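Below is one structure; the comments refer to it alone.
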């Protein structure tokens, strides 16, 4: 499934503008340490947000019986050829080195279809979360990259009509609820047969169906006048275009638009429309059983770019009040549809499929913006082990304590210095957002004891000084504090006056 | 870090043999549906075993304060150039399309060093689990691929001597214990300074140190006579080679080999050896604190191929009794060392680093073999919802039940047919290894009830028929059965006589 990445107003030909700029860039900069154009490194809080999306989606896919498929990052070139229409020029080729022509995958759908063609699999729900590659003109600020993530769920196999289709929509609803965007996302539906039937009814010649469909696809970004202009340029009569304009302005609940189409005698007379309507009737009853019929909109202007769709098509868009926020400009964050003929291109067998692709990078951008508002702490480690005084900074003792914590499955760190200063150790714990400290002193250790304390407590807190516990009770005490830490609490005062013996530190993180 | 993938007796020049075969292949097969040479699809039980390795390693890395870094799959070509010596010919280039020369990453170490060179990071523990690419002659049966996984943990930054080194070794021990190979893996250590000092002591000219080191590296695969022959060919005197032969036959516990070196006056007189010994003394005390000194062997014959190591080097090998098993032929399954100068090649700052790379595909091969012995069930879904009789196969009711289970976070499936036959539904549940069924009948539904039962119980089991429960109690009953199912139980009899009303099925899965 495409994820809407290419579904933008910038024409793919923009890539031509690439060359001169690149040649200029390459002059004298050959040894510069940088990253390839349109790619990025993921690290820190970003990767935590991203992994949350992966985990939410993966759990939901498994809950629906999905299994993972992980294919190579490149495919034989001829496998990708002829599948993407105009966008084929965005395919990233490998150098021919040893007789095999390969190219980086453009999406995760074609590799899935290739795999189905190679195996004897008849039915599968598969998911795949991985990077795909488009040699497009990158626009990093707007989130258009050459390497980006897709997250696909597809159902392949012969089933009764619209049952898998309803489940895919239900999964979309679950994923958006799971990542916390349930209220902001709306899912638009259409049916290729209704769309194509509508074109026929309006008087579009059959051989122009796909090109007119691609013009309609731009209605969410361009005013009607411009879309009509494109239709006329593509050879349509003005009254035919106007008729399309009337139909495509209709969107509403599934029930409403089904009723609207049924009220049109000329639409009902078209056989393709009839087939599509029958599907949409079934879909409505199934979505009601899945309690998500109210989450979708039937939009006669939805067309989707790719040629291979044969039935239901859909697109999730994020709709938020703030007009100029990143979120409103972000467009579709998931898209897909039914493609019953693609697998047949790779094998003797025709396997009907339906799937959805989530635009992870776009969902990430929205979630990141929200996380930043909340200033979430990127906590990696639970315990920082510190020492004050002692021979050789009590390094061996700090190591033994770390050993005991790691063995108990608790994440722990200590300064990798023989004699670290106490303020440095507190600073390191604070910078890393570590909630607990185990503090070693020579006298305490001689008595078989260590101090366990919560960091960041206000001065008047009863547990400000922590507790001196026997070494063998340390793990239990740490677990007790971690358990209470995970409970909802009054907001911790972000203070650094946590030191033993009133040590004060700079607050710079 | 390399993962030993290239550390094999087959010379990298074997890739030359690639071309004629390829040309032959490409004749007439241009449209064959296949996968690129030396790559594979991951699916099913394989991906579950693989993900277990990822999860175990990731959890341990986090427990030690590690954070993820995810870099692009390709880098600018000049970033990779000159880092891999002879192996540079195995780098996979992208076609030059638009002025930027890129190549697929050869390992995860150079991208990490490039990232350190681009940022202001001074200290980090980073991990990265991802695919890397080598345009080598693939040998799929022996697990040598062109696309394969690496799993790296590295500690970058200025610290006191040998503290991060000890933690890396401790992490290696934890990961192997975590995946269940703790007893089978042995970790061999050496120190580049001791190795280089030893070469000097034996009379190796300084400019031959690396090439003689690479000969010594083959001692675990070739007999001494052949390694000596290579040394003579590289211009060494016979008595110098013999002297190396005496030293390199020594391996034993850290304490033993430290004592052995200290007993040699000529070794002790060498300054590099002295520095190395001081490191090894510290390391021994730190590994004792971490309770894993007994897990390592000091092996004077360990050399490691890559040029960039500057201090401690290590390699984990799997050692099992059965001589001809896959496991014994698999060689090193993790390797790494200290590389203090690599990052300096990408930036103004020199950042000392130490790291380890786990050979995921090799660990996977061993675990898979063991899993196959145990015939572990690849269970994906917990509940299969079935119906017998009823109008339209009770499809809408099955959907409502699925809806309720999904909402409760329980994985569930049902047949995507309007009127599935009951035996088909049982067969589907069995094939997928689903443990529980929710069974709908028209009369029971009219009374607001469904049957919840455990599949695969023997005929005389008291719960063989399951329980008829109210619809609103279904989730609780399913959770009760899942909880008891996860308890240790007497082995379930693999029977298929689970049907309501004594339906019997073929046992073919």
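Chains as they are written, first to last, in the UniProt record's numbering: chain V, 1 to 509; chain L, 1 to 509. Backbone N, C-alpha and C define an ideal beta-carbon position, used for all residues, glycine too. Values in this document were obtained by computation on a predicted structure and should not be read as measured data.
A contact between stretches requires three or more CB pairs, one per stretch, nearer than 8 angstroms, and the segment 281–290 of chain V fails this requirement with the segment 200–216 of chain V.
If you draw a 10 Å sphere on the C-beta of residue 128/L, you find 16 or more other C-beta atoms in it, and that means buried. In terms of CA proximity to residue 447/L, 469/L leads the group 461/L, 460/L, 431/L and 469/L. Within the segment 94–113 of chain L, those residues whose Cβ lies closer than 7 angstroms to any Cβ of chain V are, in chain order, 94, 95, 97, 98, 99, 100 and 102. Look at residue 349/V: its C-beta is not under 8 angstroms from any C-beta on chain L.
Listed by position along chain L, the residues whose Cβ is nearer than 8 angstroms to that of residue 33/V are 79, 114, 117, 118, 346 and 347. Residue range 209–216 is occupied by the alpha helix (DSSP H) that includes residue 209/V.
Where residue 335/L is concerned, the enclosing beta strand (DSSP E) starts and stops at 332–338. Around the beta-carbon of residue 71/L, 16 or more other beta-carbon atoms lie within 10 Å, marking it buried. Listed along chain L are 285, 286, 288 and 289, each with a C-beta nearer than 9 angstroms to that of residue 396/V. At a cut-off of 8 angstroms, the C-beta of residue 69/V has a neighbouring C-beta in chain L. The three-state secondary structure of residue 147/L, taken from DSSP, is strand. Cα atoms of residue 390/V and residue 440/V: separation of roughly 9 angstroms, rounded to the nearest angstrom.
Counting only runs that start and end inside the segment 140–210 of chain V, the alpha helix (DSSP H) elements of at least 4 residues fall at 163–178 and 192–202.
The beta carbon of residue 216/L sits closer than 8 angstroms to those of 195, 227, 244, 248, 301 and 303, all from its chain and outside the five residues before and after it, given in chain order. For residue 159/L, the chain V residues whose C-beta falls within less than 8 angstroms of its own C-beta are 416 and 417, listed in chain order. The criterion of a C-beta distance shorter than 8 angstroms is not satisfied by residue 103/V and residue 351/V.
One Cα belongs to residue 478/L, the other to residue 401/L, and the distance between them is close to 12 angstroms. For residue 241/V, the secondary structure class from DSSP, reduced to helix, strand or coil, is helix.
Counting C-beta pairs with one atom in each stretch, the segment 123–140 of chain V and the segment 81–92 of chain V have three or more that are closer than 8 angstroms, which means they touch.
Here residue 307/L carries a coil assignment [DSSP, helix/strand/coil]. Proximity of the segment 380–400 of chain V to the segment 140–153 of chain V falls short of the contact definition, fewer than three beta-carbon pairs being nearer than 8 angstroms. The beta carbon of residue 309/V sits closer than 8 angstroms to those of 192, 337, 338 and 339, all from its chain and outside the five residues before and after it, given in chain order. Residues of the segment 142–158 of chain L that bring their beta carbon within less than 7 angstroms of a beta carbon in chain V comprise 147, in sequence order. Closest in alpha carbon position to residue 417/V, among 371/L, 290/L and 163/L, is 163/L.
If the five residues before and after residue 346/V are omitted, its C-beta is found closer than 8 angstroms to the C-beta atoms of 79, 113, 114, 116, 117 and 118, all from its own chain and listed in chain order. Going by beta carbons, residue 67/V and residue 124/V fall inside the 8 angstroms limit.
Proximity to residue 465/L across 240/L, 450/L and 472/L peaks at 450/L, based on C-alpha coordinates.
Assignment of residue 433/V by DSSP, reduced to helix, strand and coil, places it in the coil class. For residue 112/L, the uninterrupted alpha helix (DSSP H) segment begins and ends at 109–118. Residue pairing by DSSP leaves residue 301/V without any beta bridge partner.
Around residue 36/V, the beta-carbon contacts reaching into chain L at under 7 angstroms are 72, 74, 75, 76, 100 and 102. With a 10 Å radius around the Cβ and a threshold of 16 neighbouring Cβ atoms, residue 203/L comes out exposed. When DSSP states are grouped into helix, strand and coil, residue 248/V belongs to the helix group. Rounded to whole angstroms, the Cβ separation of residue 181/V and residue 126/V is 24 angstroms, and the two are not in contact under 8 angstroms. Annotation: Cβ neighbours of residue 39/L in chain V (cutoff 7 angstroms, chain order): 72.
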